[in-house]
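Count the sequence shown with the numbering used here and you get residues 12 to 432, in order.
Just below is one structure, and these are the notes that go with it.
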Amino acid sequence: MIDISVARELLDFNTRLGSEDRANDQLRGTVAIANMLEKHGVAYLADEEGMGKTYVALGVVALLRHFNPETKVLFIAPRKNIQQKWIKEYQNYVEHNVRFPDLGVKGPDGQPTYPLVYCENLLHYAREVSLNDRRDFFLRMTSFSLAISGKTARTMKRLREELLRSLPWLSPEVFDLRNKDAFKEAAGRSISCILPEYDLVVVDEGHNLKHGLGPGASTRNQVLGWVFGRSRSSERDLRIRWNGPRAKRLLLLSATPLEESWTQLWNQLDVFGKGKAFRDLLDPGLSEERKKEIASSLLIRRVTTLQIADRKYTKNLYRREWRNGGVVQHDEPIQITDPKQRLITALVQKKVSEILPEKEFGPSFQMGMLASFESFLQTANLTREEEPDDEESDSQAGSFDDPEQTDDLIERQGIDVRYLD
Numbered sequence: 012m013i014d015i016s017v018a019r020e021l022l023d024f025n026t027r028l029g030s031e032d033r034a035n036d037q038l039r040g041t042v043a044i045a046n047m048l049e050k051h052g053v054a055y056l057a058d059e060e061g062m063g064k065t066y067v068a069l070g071v072v073a074l075l076r077h078f079n080p081e082t083k084v085l086f087i088a089p090r091k092n093i094q095q096k097w098i099k100e101y102q103n104y105v106e107h108n109v110r111f112p113d114l115g116v117k118g119p120d121g122q123p124t125y126p127l128v129y130c131e132n133l134l135h136y137a138r139e140v141s142l143n144d145r146r147d148f149f150l151r152m153t154s155f156s157l158a159i160s161g162k163t164a165r166t167m168k169r170l171r172e173e174l175l176r177s178l179p180w181l182s183p184e185v186f187d188l189r190n191k192d193a194f195k196e197a198a199g200r201s202i203s204c205i206l207p208e209y210d211l212v213v214v215d216e217g218h219n220l221k222h223g224l225g226p227g228a229s230t231r232n233q234v235l236g237w238v239f240g241r242s243r244s245s246e247r248d249l250r251i252r253w254n255g256p257r258a259k260r261l262l263l264l265s266a267t268p269l270e271e272s273w274t275q276l277w278n279q280l281d282v283f284g285k286g287k288a289f290r291d292l293l294d295p296g297l298s299e300e301r302k303k304e305i306a307s308s309l310l311i312r313r314v315t316t317l318q319i320a321d322r323k324y325t326k327n328l329y330r331r332e333w334r335n336g337g338v339v340q341h342d343e344p345i346q347i348t349d350p351k352q353r354l355i356t357a358l359v360q361k362k363v364s365e366i367l368p369e370k371e372f373g374p375s376f377q378m379g380m381l382a383s384f385e386s387f388l389q390t391a392n393l394t395r396e397e398e399p400d401d402e403e404s405d406s407q408a409g410s411f412d413d414p415e416q417t418d419d420l421i422e423r424q425g426i427d428v429r430y431l432d
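Below you can see the structure in the form of structure tokens.
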């Protein structure tokens, strides 16, 4: 376990923040997460937007690697631009926030000791890790969809040839070119065989995995599970040898770790084989308070505050909420004088009141929407027959959930779309 005074000797969060209070908050969060990972092997940083989750995660990486220079770390970002941003932030963090070149985290030139590798797709990653796994790799979630487009059999044959170059000991017969799902499973489990056991896997925007590995889960989630050793064996093919789980520790980041139920939190852990110790979160008979207590052992959420006249205010205290309406004047309801307009407004209010009691629209869901500014409607325009291509633009990739996350058409479009219609 790491003491905060020891961590302060290595890390300086105040270099660029210019706020001692915020720097101390970052340091305390970093130490708490590092100790949580040591104790449970998993931690979830659920800070609000703007609290610096990226820098806290990088602080955790620095602490682990300082005490064990052999620490292997893998980063998984939600999409391409965030993947690139992580590499830039890592370099900035080491240069400005690590106090001295310890040769484990920071080299004499002020740069990260381990080379940083940007991976274009899953095959690129497999090739690079087979050459030298003593580097930090940066992946993106869409790569795990293993996009197969165009003439399916021809595409799978090309992917098989590329995989066999990195995995020459595999028999080509392992890859079934007649079945796309079987092919992806074989590819995921094959790549798993060449991976080292990572001391830490960092997953940004982990809520994208909220549907886990159950029925209707996306191909992306399934491939992630196979790559990281979630499934010990396959009914389809036992010729790919098994080498065990690939994530010794798991750090998830998201401002909205769950929206509807604790099952969504457990699903994210389960994709990496970390759900067993927290299986009580799935128990419908367990009280809400007990589930919160279980979640608190792995989840940290710090709240944004403003310092005003020697007092700290949370956003629920300092923000002005327009609960009763108003366009120009605060909380001044719109005056409706026309009887027809009054009737229409009343009918709309009645329908809204009928819809909101449904389980998908509970208070936690509504607060999650407010906290993350998430728009479920944006996924409606992304529904396609083919899975997302690794090379797609960020505008196509979407900001939060990708369209292949679930086979449920209604959910892919956005669970509120039919009500809005």
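For each residue, glycine too, the CB sits at the ideal point set by N, CA and C.
Predicted, not measured: the structure shown is a model, and the values here were computed from it.
Is the beta carbon of L21 sitting closer than 9 angstroms to the one on A73? Numbered from 1 along the sequence shown, position 10 holds the residue referred to as residue 21. Numbered from 1 along the sequence shown, position 62 holds the residue referred to as residue 73. Yes; because the gap between Cβ atoms is below 9 angstroms, this pair is in contact.
Taking a contact to mean a Cβ-Cβ separation below 9 angstroms, would you say F86 touches V212 in this structure? Sequence index remark: in the sequence shown, residue 86 carries index 75 (1-based). Sequence index remark: in the sequence shown, residue 212 carries index 201 (1-based). Contact check for F86 against V212 passes: the beta carbons are separated by less than 9 angstroms.
Simplified DSSP state of T124, which is helix, strand or coil: Within the sequence shown, residue 124 is the residue found at index 113, counting from 1. In the structure shown, T124 sits in coil (DSSP, three-state: anything other than H, G, I, E or B).
Go ahead and label R231 buried or exposed: buried means 16 or more other beta carbons lie within 10 angstroms of its beta carbon, across all protein chains shown. On the sequence shown, residue 231 is found 220 positions in, with the first residue counted as 1. Counting every other CB atom within 10 Å of its CB across the protein chains shown gives R231 a total of 16 or more, marking it as buried.
Short of 6 angstroms in beta carbon distance, which residues of its chain neighbour T41, apart from the five on each side in sequence? Order them along the chain. Translated into the one-based positions of the sequence shown, residue 41 becomes position 30. Here the set comprises V67, G70 and V71.
Which two residues bound the contiguous alpha helix (DSSP H) that contains G93? Taking the sequence shown and counting its residues from 1, one reaches residue 93 at position 82. In the sequence under discussion, the amino acid at residue 93 is Ile, which differs from the Gly named in the question. Here the alpha helix (DSSP H) through I93 covers K91 to N108.
Please classify M167: is it buried, with 16 or more other beta-carbons within 10 angstroms of its beta-carbon, or exposed? For the purposes of this step, residue 167 is taken as the residue at position 156 of the sequence shown. Result: buried.
Taking its Cβ as the centre, do 16 or more other Cβ atoms sit within 10 Å of Y329, making it buried, or is it exposed? The count along the sequence shown starts at 1 and reaches residue 329 at position 318. Burial call: exposed.
How many Å lie between I93 and L28 at the Cα? Translated into the one-based positions of the sequence shown, residue 93 becomes position 82. Translated into the one-based positions of the sequence shown, residue 28 becomes position 17. The straight-line gap from Cα to Cα measures roughly 21 angstroms.
Do the region 50-68 and the region 308-320 meet, that is, are 3 or more Cβ pairs less than 8 angstroms apart? Yes, the region 50-68 is in contact with the region 308-320.
Residue from H51, Y101, D144 and F78 whose Cα sits closest to the Cα of K64: Counted from its first residue, the sequence shown places residue 64 at position 53. The option with the nearest alpha carbon to K64 is Y101.
Since V128 and D210 are thought to touch, with beta carbons under 8 angstroms apart, how far apart are those beta carbons, to the nearest angstrom? Position 117 of the sequence shown, counted from the first residue, corresponds to residue 128. Position 199 of the sequence shown, counted from the first residue, corresponds to residue 210. Wrong, their Cβ atoms sit about 17 angstroms apart, outside the cutoff.
Which residues bound the alpha helix (DSSP H) around R189? Counting from 1 along the sequence shown, the entry for residue 189 is found at position 178. R189 -> no alpha helix (DSSP H), and no H or E assigned at all.
If we call anything under 9 angstroms between Cβ atoms a contact, is S177 one with A228? Translated into positions along the sequence shown, residue 177 becomes position 166. Translated into positions along the sequence shown, residue 228 becomes position 217. Cβ distance not < 9 angstroms, so S177 and A228 don't count as in contact.
State the DSSP-derived secondary structure class of R260, mapped to helix, strand or coil. Reading the sequence shown from its first residue, position 249 is the one you call residue 260. DSSP places R260 in coil when its eight states are reduced to three.
Buried or exposed: where does P89 fall if 16 or more other Cβ atoms within 10 Å of its Cβ makes it buried? One-based indexing of the sequence shown puts residue 89 at position 78. With 16 or more other Cβ atoms within 10 Å, it is buried.
Which residue wins for smallest C-alpha separation from I13, given the options D36, V53, G223 and H77? Mapped onto the sequence shown, residue 13 falls at position 2. Ranked by Cα distance from I13, the options D36, V53, G223 and H77 are led by H77.
Note down the Cα distance separating P256 from N103, rounded to an integer number of angstroms. For the purposes of this step, residue 256 is taken as the residue at position 245 of the sequence shown. For the purposes of this step, residue 103 is taken as the residue at position 92 of the sequence shown. When rounded, the distance between both Cα atoms is 31 angstroms.
State the DSSP-derived secondary structure class of L280, mapped to helix, strand or coil. Here residue 280 is taken as the residue at index 269 of the sequence shown, counted from 1. Look at L280 here: in three-state DSSP terms it is helix.
C-alpha distance - L181 paired with L206, whole-angstrom precision: Reading the sequence shown from its first residue, position 170 is the one you call residue 181. Reading the sequence shown from its first residue, position 195 is the one you call residue 206. Roughly 15 angstroms between the two C-alpha positions.
Does D192 pass the burial test, meaning 16 or more other C-beta atoms within 10 Å, or should it be called exposed? By one-based count along the sequence shown, residue 192 stands at place 181. Classification for D192: exposed.
Where L433 and L276 are concerned, what is the direct C-alpha to C-alpha distance, given to the nearest angstrom? A query on residue 433 cannot be resolved here, the shown segment of the chain reaching from 12 to 432 and no further.
Delimiting residues of the alpha helix (DSSP H) encompassing A57: On the sequence shown, residue 57 is found 46 positions in, with the first residue counted as 1. In the DSSP annotation of this structure, A57 is not part of any alpha helix (DSSP H), being labelled neither H nor E.
Please report how far the alpha carbon of Q407 lies from the alpha carbon of V140, in whole angstroms. Working through the sequence shown from its first residue, we reach residue 407 at position 396. Working through the sequence shown from its first residue, we reach residue 140 at position 129. Residue confidence for Q407 is low, a pLDDT of 36 falling below 50, so the modelled location carries little weight and cannot support an answer.
When the Cα atoms are used, what is the spatial distance from F283 to L224? Here the question's residue 283 lines up with position 272 in the sequence shown. Here the question's residue 224 lines up with position 213 in the sequence shown. Taking the straight line joining both Cα atoms gives about 10 angstroms.
To which residues does DSSP link Q318 through a beta bridge? As a working note, residue 318 is residue 307 in the sequence shown. Checking the DSSP bridge columns, you'll see Q318 partnered with K323.
By Cβ distance, which residues of its chain are closer than 8 angstroms to R301, with the 5 residues on each side in sequence left out? Position 290 of the sequence shown, counting from 1, holds the residue named residue 301. Closer than 8 angstroms at Cβ, skipping near neighbours: D291.
Could you check the C-alpha separation between L354 and W273 for me, to the nearest Å? Along the sequence shown, read from residue 1 onward, the residue named residue 354 stands at position 343. Along the sequence shown, read from residue 1 onward, the residue named residue 273 stands at position 262. Rounded to the nearest whole angstrom, the CA to CA distance from L354 to W273 is 40 angstroms.
Measure the alpha-carbon distance for S265 versus W97 and round it to whole angstroms. As a working mapping, residue 265 is identified with position 254 in the sequence shown. As a working mapping, residue 97 is identified with position 86 in the sequence shown. Going by the C-alpha atoms only, they are around 15 angstroms apart.
H107 versus D281, G115 and T26, residue with shortest Cα-Cα distance: To locate residue 107, count along the sequence shown from 1; it is residue 96. The residue with the shortest Cα to Cα distance from H107 is T26.
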